[in-house]
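Colleague: Per our numbering, the very first residue in the sequence shown carries number 9; after that it's consecutive. Where a beta carbon is used, it is the ideal one built from N, C-alpha and C, also for glycine. Keep in mind the model is a prediction, meaning the values are calculated, not measured.
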Amino acid sequence: MNEVKAEPADSNSLFGEFPEPSYEQWRAEAEKALKGASFESKLITQTYEGIALQPIYSPVNLSDSNLIHSLPGSRPFIRGTRAGGYLTTPWLIAQVCDQAMAKEVNEVLKNELSRGLKAIHLQLDTATLAGEDPDCAEADRIGDQGFSLTSLADLTQALAGLDLKQWPVLIQCGVSQLPVAALLAGVARAQGIELQNLSGAITMDPLGSLSQQGYLPAELETLYDEMAAVTLWADRHAPQLKTILADASPYHDAGGNAVQELAFTLATAVEYVNKLQERGVAFSVISRHLRFSFSLGANMFMELAKIRAVRVLWSQVAEAFGGNETDCRANIHGRTSRFTKTMYDPYVNMLRTTTEAFAGVAGGLDSLYVGPFDEVIRPSDEFSRRIARNTQIMLQQECSLLLPVDPAGGSWYVEALTEELAHKAWELFRKTEAYGGMLQAVQAGFPQDQVAATAQKRAANLAKRRDAVVGTNVYANLTEKPLEQTVINQEEIRSARIRELCSFRSVTDIGQRMLCLERLAEQRNNLTEKTLESAVQAVTAGCTIGEILAALRQTVAAPLTVMPLRLHRLTELYETVRLTTEHYVKQGGENLKIFLANMGPIPQHKPRADFSRGFFEVGGFTLIGNNGFDAPAAAVAAAVQAQADAVVICSTDAAYPELVPPLARLLKQARPDVWVILAGLPPEDLQLEYQAAGVDEFIHVRANCHASLVRLQKRKGMIR
Numbered sequence: 009m010n011e012v013k014a015e016p017a018d019s020n021s022l023f024g025e026f027p028e029p030s031y032e033q034w035r036a037e038a039e040k041a042l043k044g045a046s047f048e049s050k051l052i053t054q055t056y057e058g059i060a061l062q063p064i065y066s067p068v069n070l071s072d073s074n075l076i077h078s079l080p081g082s083r084p085f086i087r088g089t090r091a092g093g094y095l096t097t098p099w100l101i102a103q104v105c106d107q108a109m110a111k112e113v114n115e116v117l118k119n120e121l122s123r124g125l126k127a128i129h130l131q132l133d134t135a136t137l138a139g140e141d142p143d144c145a146e147a148d149r150i151g152d153q154g155f156s157l158t159s160l161a162d163l164t165q166a167l168a169g170l171d172l173k174q175w176p177v178l179i180q181c182g183v184s185q186l187p188v189a190a191l192l193a194g195v196a197r198a199q200g201i202e203l204q205n206l207s208g209a210i211t212m213d214p215l216g217s218l219s220q221q222g223y224l225p226a227e228l229e230t231l232y233d234e235m236a237a238v239t240l241w242a243d244r245h246a247p248q249l250k251t252i253l254a255d256a257s258p259y260h261d262a263g264g265n266a267v268q269e270l271a272f273t274l275a276t277a278v279e280y281v282n283k284l285q286e287r288g289v290a291f292s293v294i295s296r297h298l299r300f301s302f303s304l305g306a307n308m309f310m311e312l313a314k315i316r317a318v319r320v321l322w323s324q325v326a327e328a329f330g331g332n333e334t335d336c337r338a339n340i341h342g343r344t345s346r347f348t349k350t351m352y353d354p355y356v357n358m359l360r361t362t363t364e365a366f367a368g369v370a371g372g373l374d375s376l377y378v379g380p381f382d383e384v385i386r387p388s389d390e391f392s393r394r395i396a397r398n399t400q401i402m403l404q405q406e407c408s409l410l411l412p413v414d415p416a417g418g419s420w421y422v423e424a425l426t427e428e429l430a431h432k433a434w435e436l437f438r439k440t441e442a443y444g445g446m447l448q449a450v451q452a453g454f455p456q457d458q459v460a461a462t463a464q465k466r467a468a469n470l471a472k473r474r475d476a477v478v479g480t481n482v483y484a485n486l487t488e489k490p491l492e493q494t495v496i497n498q499e500e501i502r503s504a505r506i507r508e509l510c511s512f513r514s515v516t517d518i519g520q521r522m523l524c525l526e527r528l529a530e531q532r533n534n535l536t537e538k539t540l541e542s543a544v545q546a547v548t549a550g551c552t553i554g555e556i557l558a559a560l561r562q563t564v565a566a567p568l569t570v571m572p573l574r575l576h577r578l579t580e581l582y583e584t585v586r587l588t589t590e591h592y593v594k595q596g597g598e599n600l601k602i603f604l605a606n607m608g609p610i611p612q613h614k615p616r617a618d619f620s621r622g623f624f625e626v627g628g629f630t631l632i633g634n635n636g637f638d639a640p641a642a643a644v645a646a647a648v649q650a651q652a653d654a655v656v657i658c659s660t661d662a663a664y665p666e667l668v669p670p671l672a673r674l675l676k677q678a679r680p681d682v683w684v685i686l687a688g689l690p691p692e693d694l695q696l697e698y699q700a701a702g703v704d705e706f707i708h709v710r711a712n713c714h715a716s717l718v719r720l721q722k723r724k725g726m727i728r
């Protein structure tokens, strides 16, 4: 047998046999397949960002060759800030601990850290974020969304047995992090840990809080003084701690789009740079301690491109401030979106968080928090925390996402989308800066108006089901068993926290505490990094967060107020409808009954009967089906017997001219108060004829489903 020697493969031999088609040739073939339908309406998708997504991408869709040819770890960092990507530094699995009491926090952290968590990530309650001690705060603000932190004893207990050299500590402190940073330093020193070994992020974002809440508890200039003092202290003593946060989540959670998130977050970062530089903080110091945070929404490729784009944008801004290559690297935290999560069919949220987490990881996040699937319903439990944590572990270890560097790179779609997103965000950023900076823009209501306009578009598309949310406005599951609610007695939590605080104060030296507070008050008008040392001494002596902030701040005569963003979730619109139905039935009312007048054999009526069932089950109504009727009289008799509140006529367009008028008249004669609905959208002349016969409403794929459901609820008396 003769040996056959393989010839070297020519990489172009296969494709070289075929001519390379042009875009025009491809489009011509696509238009043939559309058979006269509009190419633009069928194959081009308009996004909320004002970007027209094309059906096919190629190098011609790129205009900036510098982006496409850049390398990982090099400016403008579109492919990541490290040449080795996650191979050298995996993203941080940073699940949130949102327990209220220090003992519970410690138990949860130990359990989570032993099972794959890579950071101590604490979420503070509303009272702590506002600088209120438990004995000065309302009960509904204590432990409402996380850890009630007041004193060194609280943080010491929460972090007992945890090596702060091993685990980064992440705490978003709202408008000011000075007392929390002092508490962490106090715990570290008590454990014999050098502050330079601390890592993580103890951050503040006053402009984000202002946009979200509509007010600030202190003068903004004072908050900037605190930011500068903490940043300078951290740079000298704890250089691995981030202290400044530019958070896009308020704009995301109010319904904003990716362009708005990028532009307003970038403008926030620039505002902080300017204010800190005025206070003598060098740009290199600011950039080392700055952190960006983004929520990750449902449009996977858009979210992926958003994370890539922010690195490009920050690189450009940092370069304008005179930053070197290190200064131009953005540190980015991400969390799966709360805006996209649903109360109904909540297990679908697991799919949503997985997709969102994948987008963030593929985009190159530095740290990530995957929200528990039940986060909008109840506090997380062991099961929901495990699922969320393991989502990240699976992405790292089973999906091998630590291996590829910039996994989306090279996709003409992703590259073009990143480029266009960055350009649009830069344009909006410049408009924001034209107001004089982010603060002036917020005071003028510019970001709020921009975000509200996008939110209105989302609501309109959701109402008409152009945007589909499984389990909520499509494919509602009326047989689902609601998740068991966790009842939280916040009065009990407040009482327990006050007892703990009183017990803590009873063993401290009140004279020493007052002396420490007097020293802080003396520095009120000249905050420096030494103020942090004074604050550490104060917490060590037993002073609380509330006492420290009271000593450092003067009473605000006229607090800064702006129009706040309207934070909400996308599906609240429909959830309110279904909750209204359920409440009405629970109070003893009879559910709204909708009878399907299916006319003709099953193949004739089934498509529209199925559509009608899905349309009205979204409201939690009772649907009464059947296998069809041969004559209008039989359908009317069955509808009357069922005591239906509404009747939906289901058949074909061809059958409607003969069926609808007599059927509608008979229904109105038998039950004048019955609401007659036609499944379909006939021509305008037939609509008038059918309405004259008694049809009250038409439902179809372009109908406003939400408005129809609310209209029926009002007729039934569910809404007063």
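1. May I ask which residues mark the beginning and end of the alpha helix (DSSP H) holding residue 658?
2. Could you round the C-beta distance between residue 365 and residue 400 to whole angstroms and report it? I think they count as a contact, below 8 Å.
3. Just the C-alpha distance for residue 692 and residue 699, rounded to the nearest angstrom, thanks.
4. What number of angstroms, rounded off, separates the C-alpha of residue 544 from the C-alpha of residue 244?
5. Helix, strand or coil, according to DSSP, for residue 10 in the structure here?
6. Would residue 480 and residue 352 be called neighbours here (beta carbons separated by less than 8 Å)?
7. Do the CB positions of residue 173 and residue 205 come within less than 8 Å of each other?
8. Find out if the Cβ-Cβ distance for the pair residue 361, residue 396 is shorter than 8 Å.
9. Pull up the CB-CB distance for residue 354 and residue 491, whole angstroms please, since I reckon it's below 8 Å.
10. Indicate whether the contact test is met: 3 or more Cβ pairs, each with one atom in the segment 142-159 and one in the segment 194-212, closer than 8 Å.
11. Note down the Cα distance separating residue 183 from residue 214, rounded to an integer number of angstroms.
12. Would you call the CB atoms of residue 111 and residue 185 closer than 8 Å?
13. Here's the rule I'm using: 16 or more other beta-carbon atoms within 10 Å means buried, otherwise exposed. How should residue 262 be labelled?
14. Quick check on residue 606: buried or exposed, where buried means 16 or more other Cβ atoms within 10 Å of its Cβ?
15. Assign residue 407 to one of three DSSP states: helix, strand, or coil.
16. From residue 274 to residue 440, what distance separates their C-alpha atoms?
17. Which of the three DSSP states is assigned to residue 4 in this structure?
18. Which runs of the alpha helix (DSSP H) spanning at least 4 residues fall entirely within the segment 96-141, listed in chain order?
19. Please classify residue 391 as buried or exposed, where buried requires at least 16 other C-beta atoms within 10 Å of its C-beta.
20. Given residue 120, which residues of its chain have a CB within under 8 Å of its CB, disregarding the five upstream and five downstream residues?
21. Can you tell me where the beta strand (DSSP E) holding residue 268 begins and where it ends?
22. To the nearest angstrom, how far is the alpha carbon of residue 50 from that of residue 345?
23. Who are the Cβ neighbours of residue 498 in its own chain at under 8 Å, not counting the five residues just before and after it?
24. List the residues that DSSP assigns as beta-bridge partners of residue 606.
25. In angstroms, rounded to a whole number, what distance separates the CA positions of residue 270 and residue 57?
26. What are the start and end residues of the alpha helix (DSSP H) that includes residue 33?
27. What are the boundary residues of the alpha helix (DSSP H) that includes residue 711?
28. Assign residue 15 to one of two classes, buried (16 or more other C-beta atoms within 10 Å of its C-beta) or exposed (fewer than that).
29. So, for residue 556: in the same chain, excluding its five sequence neighbours on each side, which residues have a beta-carbon less than 8 Å away from its beta-carbon?
30. With the cut-off set at 8 Å, would you say residue 582 and residue 726 are in Cβ contact?
31. What are the uninterrupted segments assigned as alpha helix (DSSP H) that are 4 or more residues long and contained completely in the segment 300-351, given in chain order?
32. Would residue 569 and residue 232 be called neighbours here (beta carbons separated by less than 8 Å)?
33. Taking DSSP as the reference, what is the three-state secondary structure of residue 155?
34. Give me the Cα-Cα distance between residue 477 and residue 239, rounded to the nearest whole angstrom.
35. Within a Cβ cutoff of 6 Å, which residues of the same chain sit near residue 209, ignoring the five residues on either side of it in sequence?
36. Would you mind reading off the limits of the alpha helix (DSSP H) that contains residue 433?
Modeller: In terms of the structure at hand:
1. Not the alpha helix (DSSP H): residue 658 falls in the beta strand (DSSP E), residues 654-658.
2. 6 Å
3. Roughly 11 Å between the two C-alpha positions.
4. 15 Å
5. Any reading at residue 10 needs caution, since the residue's pLDDT is 43, under 50, leaving its predicted position unreliable; the model's value is listed next. Residue 10 falls in the coil class under three-state DSSP.
6. yes
7. yes
8. yes
9. Cβ-Cβ separation between residue 354 and residue 491: approximately 6 Å, consistent with a contact (criterion under 8 Å).
10. no
11. 4 Å
12. no
13. buried
14. Classification of residue 606: buried, given that the 10 Å Cβ count is 16 or more.
15. coil
16. Cα to Cα, residue 274 sits roughly 10 Å from residue 440.
17. Any question about residue 4 goes unanswered here, given that the chain covers just 9 to 728.
18. 110-121, 134-137
19. exposed
20. Excluding five sequence positions before and after residue 120, the CB atoms of its chain that fall closer than 8 Å to its own CB belong to 103, 105, 393, 397, given in chain order.
21. First-last for residue 268: 266-286, but that is the alpha helix (DSSP H), not the beta strand (DSSP E).
22. 29 Å
23. Scanning its chain for C-beta atoms nearer than 8 Å, with the 5 sequence neighbours on each side dropped, one finds around residue 498 the residues 147, 148, 150, 151, 152, in chain order.
24. 658
25. 11 Å
26. 31-42
27. Counting along the chain, residue 711 falls outside any alpha helix (DSSP H), and DSSP gives it neither H nor E.
28. With a pLDDT of 45 at residue 15, under the threshold of 50, the modelled position of this residue cannot be trusted; read the value that follows with caution. Looking at its Cβ environment, which holds fewer than 16 other Cβ atoms inside 10 Å, residue 15 is exposed.
29. 186, 187, 190, 525, 528, 543, 546, 547
30. no
31. 308-328
32. Contact flag unset, no.
33. strand
34. 43 Å
35. 178, 250, 299
36. It spans 420-441 - the alpha helix (DSSP H) in which residue 433 sits, taken as one unbroken run.
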